[in-house]
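Working notes for the structure below.
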Amino acid sequence: MTAQKDVAHHAMQHGRWHWGEIAFWTAALLCAFIFPSRYLIMTEILRLALFALSLDLILGYAGIVSLGHAAYFGFGSYTAGLIAKWGWGEPLSGLLIAAAAAGVLGYVTSFIIARFRHLALIMITLGFGLLLAEAANSASWLTGGADGLQGVRMWRLLGIFPFDLYGYAAYSYALAVLVLAFLLARRLINSPFGLALRGIRERAVRMPAIGASSVAHIRMVYTIAATMAGIAGGLLAQTTETVSLETLGFQRSADVLVMLILGGAGRLYGGIIGAIIYLIARDQFSGINPQYWYFWIGLLLIAVVMFLPNGILGGLARLVPPRWSRA
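Numbering (the numbering used here), first residue to last: 1 to 327.
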């Protein structure tokens with residue numbers, strides 16, 4: 001009974017909103033008015049922030065290393081794109097279908113993922129991602145192959161707001177979806193289930209001794225993470241009205257991993273902060289030198305890992321430990 005009370009107290013303490021969190025999301029909303037000419041990159045940040053958040057659930061909290069997480073991102077993207085291409089361009093229902101499709105794929109593959117740890121997971125997830133990317137490339141009659149999926153046409157959001165070139169509707173839509181997904185992830189992590197995930201990350205073999213099945217927890221969180229990644233991919237297809245093989249590629253998986261490392265894994269906000277820093281840095285570095293901007297990204301990543309091994313939020317927590325950096 002005492003242990004249950006301790007778990008409930010922990011969940012209640014960490015479930016409370018901190019002023020820093022409120023300020024963060026208020027700033028995200030105000031960006032729509034402060035930077036009216038930057039809607040496209042801000043929308044991209046929101047999409048990749050959601051993608052990084054999904055990876056954080058499995059890597060930062062459950063310790064599941066993945067180099068093929070783009071498989072679910074791309075699967076959701078192609079699902080949303082194909083639905084719109086075939087005549088159903090309603091955004092909300094299309095996004096739900098993309099989420100369900102990626103979730104089913106995540107559930108099926110979770111049976112394999114739950115059986116392995118560490119280096120074996122790297123190879124399995126990488127191999128699965130490469131297989132799916134090659135399958136999409138081979139099925140050019142369906143996906144468009146190297147030319148990408150063409151003919152995606154989205155209807156107006158809520159029947160009112162069009163997805164135009166300026167990106168007003170796309171930013172608001174992506175922000176709303178990210179907030180809802182974040183609330184779900186926050187509630188999940190600050191629950192007994194979230195504590196079990198941390199226990200699995202630290203010492204999975206001991207979890208059955210306290211009545212928590214590691215395999216069941218891993219399968220569940222992996223399915224949830226795949227669903228969230230599919231939502232992020234669906235957002236990409238809907239807001240850009242195009243889908244390419246790049247959404248399934250290794251580069252996409254590597255980029256989101258870099259974002260999570262930059263921000264700080266296991267902190268919820270780490271992936272979001274990492275996406276902001278990565279895309280802004282990419283935008284600035286590519287403006288300086290379009291050919292060699294990855295060189296500067298590499299230097300940034302090395303500097304963060306050397307001086308802030310727990311990511312930017314981890315470094316900030318050592319200076320002024322705000323609760324929201326540990327969320």
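Think of the CB as a built atom: it goes at the ideal place given N, C-alpha and C, for glycine as much as any other residue.
Distance between Ile122 and Gly159, taken at the CA atoms: about 43 Å. Note that the C-beta distance between Phe163 and Glu241 is below 8 Å. The way I'd put it, the stretch 84-100 doesn't touch the stretch 263-280; fewer than three beta-carbon pairs between them come closer than 8 Å. For Gly263, the enclosing alpha helix (DSSP H) covers residues Phe250 to Gly263. By the 16-neighbour rule on beta-carbons within 10 angstroms, Glu202 is exposed. Judged by their CB atoms, Ser77 and Ala225 are not nearer to each other than the 8 Å cut-off.
Contact annotation: the stretch 229-237 touches the stretch 100-108, with at least three C-beta pairs closer than 8 Å. Per DSSP, Phe182 has no beta-bridge partner at all. Put simply, the backbone Cα of Pro36 is about 22 Å away from that of Ile22.
Thr26 counts as exposed, since fewer than 16 other beta carbons sit within 10 angstroms of its beta carbon. Scanning its chain for C-beta atoms nearer than 8 Å, with the 5 sequence neighbours on each side dropped, one finds around His217 the residues Ala62, Phe193, Ala196, Leu197, Ile200 and Met207, in chain order. Taking 8 Å as the cut-off, the beta carbon of Ala281 is found closer than this to the beta carbon of Leu300. Per DSSP, Asp147 is not a residue of any alpha helix (DSSP H), being assigned neither H nor E. Between the C-alpha atoms of Glu134 and Gly74 there is a straight-line separation of about 12 Å.
By the C-beta density criterion, Asn289 is exposed, having fewer than 16 other C-beta atoms within 10 angstroms. Looking at Gln238, Leu308, Tyr222 and Leu175, the one whose alpha-carbon comes closest to that of Leu188 is Tyr222. 8 Å or more divides the Cβ of Leu132 from the Cβ of Leu57. Spanning the alpha carbons of Leu308 and Leu119 requires a straight line of approximately 24 Å.
Beta bridge pairing from DSSP links Phe111 with no other residue.
Counting only the Cα atoms, Leu235 lies some 15 Å from Ala71. CA-to-CA, the gap between Phe116 and Gly60 works out to about 17 Å. Per DSSP, reduced to three states, the secondary structure at Leu157 is strand. Each of Trp17, Trp86, Ala84 and Leu50 was checked against the Cα of His69, and the nearest Cα belongs to Leu50.
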